[in-house]
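Numbering that gives the first Met the number 0 puts the first residue of the sequence shown at 0, with every later residue one more than the last.
Structure, as structure tokens:
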Amino acid sequence: MQKIRFPQGFTWGVAASAYQIEGAWNEDGKGPCIWDTFCHMPGKIVNGETGDVAIDHYHRYKEDVALIAGMDLPAYRFSIAWSRVMPEGSGTVNQKGLDFYDRLVDELLKRKIEPYACLYHFDLPQALQDRGGWPERQTAQAFADYARIVSERLSDRVRTIITHNEPWVTAAAGYFSGEHAPGIKDPVATFKAMHHLLLSHGLAAEAIRASAKKPVKVGIVLNLNPIHPLTDSKRDRDAARRMDTVLNRSILEPLLLGTTPVQEFAIGKMLSSSLIKPGDMEKIRTLDFLGVNYYCRTVAKFDPKFPVVAAAQVHPEGNEYSGMWEIYPEGLYEILMRVWNDYLRKVPQAPILMVTENGVPVPDGLDFDGRVRDERRIRYLRNHLYQVWRAIQDGALVQGYFHWSFMDNFEWALGYGQRFGLVYVDFQTMKRTVKDSGRWFAEAVRDNGFALEGG
Ligand code: FCB
0 MQKIRFPQGF TWGVAASAYQ IEGAWNEDGK GPCIWDTFCH MPGKIVNGET GDVAIDHYHR
60 YKEDVALIAG MDLPAYRFSI AWSRVMPEGS GTVNQKGLDF YDRLVDELLK RKIEPYACLY
120 HFDLPQALQD RGGWPERQTA QAFADYARIV SERLSDRVRT IITHNEPWVT AAAGYFSGEH
180 APGIKDPVAT FKAMHHLLLS HGLAAEAIRA SAKKPVKVGI VLNLNPIHPL TDSKRDRDAA
240 RRMDTVLNRS ILEPLLLGTT PVQEFAIGKM LSSSLIKPGD MEKIRTLDFL GVNYYCRTVA
300 KFDPKFPVVA AAQVHPEGNE YSGMWEIYPE GLYEILMRVW NDYLRKVPQA PILMVTENGV
360 PVPDGLDFDG RVRDERRIRY LRNHLYQVWR AIQDGALVQG YFHWSFMDNF EWALGYGQRF
420 GLVYVDFQTM KRTVKDSGRW FAEAVRDNGF ALEGG
């Protein structure tokens, strides 16, 4: 049986985000965020579910940190709810909100767990959305002010601050498809949002570095997908190329090369000159840390019905699927190699590269004896971690892996039906139970590797 080992010092962790786990949506001075508003609108979320209580992490954070420690996991990636810290998004600071993250960080450090704090995971303060949200340039400035406030409070203890989680999803799901809050469907607003999200990363990076009490790494987390054409026809290959430009290049290139390919599209060409101000691209190009979230590949075919890309995603028969996406482990290898070879190898000071999310929803539950036998997730972990290891063997300097998610939680528009956790949560009693996959992962972390088959 072949055993694989990860490099010494490889960072292992689990990830979560504020709205998906905290609950306490209007406690201790927290202002409403766009997800509070969206979930309270009829018909937006499966079964009308909300994150009002979520899995009550706000009140149970000590128990949750103890669970992470019990699994010997060395790192935890969480997000900070902007509207907890600044109920109106700008202006007044809510000390009680900041205090929560202060306590969380102390609790993590007490148990020797490295905190990776993310400033934005889809939850814009509603007050800023009321003033236009991400399509407005002033939102980027407000974000930088918020970043400074968090940095002043936490940077003596937090060594990695992530500005955004998946800005592409923030823009595309929030302003294009409307599946996520704030539920807008407007291609122009989407392009504007995308640029201001990137700009806000640059402005926040500046603000964090200027106010940090100790050296801090500033990074971003991106959802990246390898794109495969459905057939070898020129039409499908071109469709896949356009999709790649929109999904991957339009975000990687500003951050890493200081250029943008959006002019390749008529709408991008039309908007760029008024949207991108002198100096913006220089500000955006700054990264000490790059996180890759990987869930699936995209199989694309030519389809003129779709605006901008004239391409559609298809789900070929015979592939393996989960409740949300195709399961395609090789894609993780492909995307890591691509990021490494096409970008990081070419920049003078390559940012630290880690996998910051990867996981699968499994409709699991408690067996008669209280155990959760989620074999599918164990297989998923083994197959995906193997691809990370392969990428490292082939020269990509991948320095860490965070599994999504630590605990079952609120999966956005899909509500509580999609269980991603290594820890099972009974959504009625809030009881937490480590799944078999959690035990498997903890073992792999302890060993810094695992046996490829069996075990
Ligand atoms: C990612 C999000 C995360 C979670 C997973 C399944 O796009 O960052 O919050 O919903 O998908």
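Cβ atoms here follow ideal geometry from the backbone N, Cα and C, with glycine treated the same way.
On the CB-based measure, 16 or more other CB atoms within 10 Å of its CB, does D51 come out buried or exposed?
As a first step, residue 51 is located in the sequence shown; it is residue number 52 there, counting from the start. Only exposed fits D51, as fewer than 16 other CB atoms lie within 10 angstroms of its CB.
Terminal residues of the alpha helix (DSSP H) in which L255 lies
Along the sequence shown, one-based indexing puts residue 255 at 256. Per DSSP, L255 belongs to the alpha helix (DSSP H) from 249-255.
So, helix, strand or coil for F426, using DSSP?
Here residue 426 refers to the residue found at position 427 of the sequence shown. Correct three-state label for F426: coil.
Looking at the ligand FCB, does it come within less than 7 Å of Q163, judged from the CB to the closest heavy atom?
Indexing the sequence shown from 1 puts residue 163 at position 164. For the record, residue 163 in the displayed sequence is His; it is not Gln. Not so, every heavy atom of the ligand FCB lies at least 7 Å from the Cβ.
Three-state class that DSSP yields for F5 in the structure shown
Start at 1 with the first residue of the sequence shown, and residue 5 comes out as number 6. The DSSP-derived three-state label of F5 is coil.
In angstroms, rounded to a whole number, what distance separates the CA positions of V422 and G437?
Looking up residue 422 in the sequence shown gives position 423. Looking up residue 437 in the sequence shown gives position 438. Across the structure, V422 and G437 are spaced so that their CA atoms are roughly 6 Å apart.
Beta-carbon proximity list for V308, same chain, < 6 Å, skipping 5 on both sides
Along the sequence shown, read from residue 1 onward, the residue named residue 308 stands at position 309. Cβ neighbours of V308 beyond the five flanking positions: R241, M242, V245.
Could you tell me if the beta carbon of V149 falls within a distance shorter than 7 Å of some heavy atom in the ligand PLP?
Because the ligand PLP does not appear in the structure shown, any question about it cannot be addressed here, the ligands present being the ligand FCB.
Could you check what DSSP says for Q398 in three-state terms: helix, strand or coil?
Position 399 of the sequence shown, counted from the start, is the residue given in the question as residue 398. Strand, per DSSP.
C-alpha distance - W34 paired with P181, whole-angstrom precision
Taking the first residue of the sequence shown as 1, we reach residue 34 at position 35. Taking the first residue of the sequence shown as 1, we reach residue 181 at position 182. Spanning the two alpha carbons is a distance of roughly 7 Å.
Same chain, Cβ closer than 6 Å to K216, neighbours up to 5 away in sequence not counted
Indexing the sequence shown from 1 puts residue 216 at position 217. Non-local beta-carbon contacts of K216 in its own chain, meaning distances under 6 Å to residues more than five positions away in sequence, involve T159, D287, F288 in chain order.
May I have the straight-line CA-CA distance separating Y294 from G8, to the nearest angstrom?
As a working note, residue 294 is residue 295 in the sequence shown. As a working note, residue 8 is residue 9 in the sequence shown. Pairing Y294 with G8, the inter-Cα distance amounts to about 25 Å.
Buried or exposed by the 16-neighbour rule on C-beta atoms within 10 Å, applied to N318
Counted from its first residue, the sequence shown places residue 318 at position 319. By the 10 Å Cβ count, N318 comes out exposed.
Residue from S210, N25, R372, A311 with nearest C-alpha to H227:
Taking the sequence shown and counting its residues from 1, the one referred to as residue 227 is at position 228. Of S210, N25, R372, A311, the smallest CA-CA separation from H227 is found for A311.
Do L196 and V149 count as a contact pair if the criterion is CB distance below 8 Å?
If you number the sequence shown from 1, residue 149 lands on position 150. If you number the sequence shown from 1, residue 196 lands on position 197. No, they are not a contact pair.
If you follow the beta strand (DSSP E) that C117 is in, where does it begin and where does it stop?
In the sequence shown, the residue the question calls residue 117 occupies position 118. Note, C117: beta strand (DSSP E), 113-119.
Proximity test, F175 beta-carbon vs the ligand FCB heavy atom, cut-off 7 Å:
Your numbering for residue 175 matches position 176 in the sequence shown. Not one heavy atom of the ligand FCB is found less than 7 Å from the C-beta of F175.
Would you check if the distance between the CB atom of T230 and the CB atom of G290 is smaller than 8 Å?
The sequence position of residue 230 within the sequence shown is 231, counting from 1. The sequence position of residue 290 within the sequence shown is 291, counting from 1. No, the pair does not count as a contact, with Cβ atoms beyond the cut-off.
Could you tell me the boundaries of the alpha helix (DSSP H) in which H56 lies?
Within the sequence shown, the letter at position 57 stands for residue 56. Bounds of the alpha helix (DSSP H) holding H56 are 56-69.
State yes or no: is the C-beta of W411 nearer than 7 Å to some heavy atom of the ligand FCB?
The count along the sequence shown starts at 1 and reaches residue 411 at position 412. W411 Cβ: within cutoff of the ligand FCB.
Quick one: residues in its chain with C-beta nearer than 8 Å to the C-beta of A211, no 5 flanking neighbours on either side, listed in chain order?
Reading the sequence shown from its first residue, position 212 is the one you call residue 211. Excluding positions up to five away in sequence, the list reads S150, S154.
May I ask you to report which of helix, strand or coil DSSP gives W24?
Here residue 24 is taken as the residue at index 25 of the sequence shown, counted from 1. DSSP places W24 in coil when its eight states are reduced to three.
Which word fits N340, buried or exposed, when buried means at least 16 other C-beta atoms lie within 10 angstroms of its C-beta?
Counting from one through the sequence shown, the residue named residue 340 turns up at place 341. Label assigned to N340: exposed.
Starting from Y174, trace the alpha helix (DSSP H) both ways and give me its first and last residue.
Residue mapping note: residue 174 aligns to position 175 of the sequence shown, counting from 1. That run of the alpha helix (DSSP H) goes 166-174.
Compare the Cα-Cα distances from H39 to each of R389, F419, G414 and report the closest residue.
Stepping through the sequence shown from its first residue, residue 39 is reached at position 40. Per the Cα distances, G414.
Within 10 angstroms of its Cβ, does R4 collect 16 or more other Cβ (buried), or is it exposed?
The residue labelled residue 4 in the question sits at position 5 within the sequence shown. By the 16-neighbour rule on beta-carbons within 10 angstroms, R4 is exposed.
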